[in-house]
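Q: Residue numbers (the UniProt record's numbering): 1 to 185. Following this message is one structure expressed as structure tokens.
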Ligand SMILES: O=P(O)(O)OC[C@H]1O[C@H](OP(=O)(O)OP(=O)(O)O)[C@H](O)[C@@H]1O
Ligand code: HPA
């Protein structure tokens, strides 16, 4: 079966946040995060692949501009696998950098039901991280989020619809669209 077409999705999608709005949100987040790391060692900056990549890159530059150095690593945990609803979490890559005693900053595209970031945060804590903060570009507004997880820094809130663009995929397409869209009916 062929994959659903990105063009068809875009034709019925609603644009929620354009590039200037998202860039502005990321600049605001960088100010907040800079203040949260006013003292202490260089944070270990973990990009949650794949969707977190564009956001994490932009946020990292905005933090660098504010004088906050970061050590980079990444992980890949996926539970959507190109589909529009989630299932069991699969770890495809774990960070190699030792976390014991470190301040860890996780950067991901979206906190939806929270299963992914709950598992990732718990794993970082199990590795001995001293502190784990979470920055997400988007937080989905609904009442299905699992207990025990919340983002410390949020760019924008999105409605309870499947969203794509700015790192987030529509059947593995559209991640490099410079805006966030809500999928239509
Ligand atoms: O809050 P949740 O309901 O757990 O969903 C959020 C997670 O889902 C997406 O990843 P996905 O599984 O699509 O992997 P990908 O980033 O490789 O596309 C997204 O990047 C988050 O990591
Ligand atoms: O709405 C979404 N869009 C893209 N990826 C996602 N991962 C969880 N929710 C979403």
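Think of the CB as a built atom: it goes at the ideal place given N, C-alpha and C, for glycine as much as any other residue. Keep in mind the model is a prediction, meaning the values are calculated, not measured.
Tell me the DSSP secondary structure of residue 84 in three-state form.
A: DSSP places residue 84 in coil when its eight states are reduced to three.
Q: Do the segment 3-11 and the segment 157-174 meet, that is, are 3 or more Cβ pairs less than 8 Å apart?
A: Enough Cβ pairs lie closer than 8 Å, so yes.
Q: Given the structure, does residue 174 come close to ligand 2, in the sense that its CB is under 7 Å from one of the ligand's heavy atoms?
A: Not so, every heavy atom of ligand 2 lies at least 7 Å from the Cβ.
Q: I need the straight-line Cα distance from residue 163 to residue 141, nearest angstrom please.
A: For residue 163 and residue 141, the distance between alpha carbons rounds to 12 Å.
Q: What do you get for residue 136, buried or exposed, if any count of 16 or more other CB atoms within 10 angstroms of its CB means buried?
A: Buried, by the Cβ-count rule.
Q: Taking the alpha-carbon positions, what's the residue 78 to residue 67 distance?
A: Going by the C-alpha atoms only, they are around 32 Å apart.
Q: Using beta-carbon positions only, say whether residue 63 and residue 76 come within less than 8 Å of one another.
A: No, these two residues do not count as a Cβ contact at 8 Å.
Q: Please report the residue range of the alpha helix (DSSP H) in which residue 27 lies.
A: Segment 19-36, the alpha helix (DSSP H) holding residue 27.
Q: Mind checking whether the beta-carbon of residue 15 lies closer than 7 Å to any heavy atom of ligand 2?
A: Residue 15: no, Cβ never under 7 Å from ligand 2.
Q: Within a Cβ cutoff of 6 Å, which residues of the same chain sit near residue 45, ignoring the five residues on either side of it in sequence?
A: Hits under 6 Å: 70, 72, 105.
Q: Less than 8 Å separating the beta-carbons of residue 180 and residue 158?
A: Yes, the Cβ-Cβ distance between residue 180 and residue 158 is below 8 Å.
Q: Taking the alpha helix (DSSP H) that residue 8 falls in, what are its first and last residues?
A: First-last of the alpha helix (DSSP H) with residue 8: 6-12.
Q: Between 74, 126, 61, which has its C-alpha nearest residue 96's C-alpha?
A: Checking every option, the nearest Cα to that of residue 96 belongs to 74.
Q: Please classify residue 112 as buried or exposed, where buried requires at least 16 neighbouring CB atoms within 10 angstroms.
A: Label assigned to residue 112: buried.
Q: What would DSSP say about residue 115, mapped onto helix, strand or coil?
A: Helix, per DSSP.
Q: Ligand 1 heavy atoms versus the CB of residue 166: any closer than 7 Å?
A: No, ligand 1 has no heavy atom inside 7 Å of this Cβ.
Q: CB residue 94 to CB residue 130, shorter than 8 Å?
A: Cβ distance not < 8 Å, so residue 94 and residue 130 don't count as in contact.
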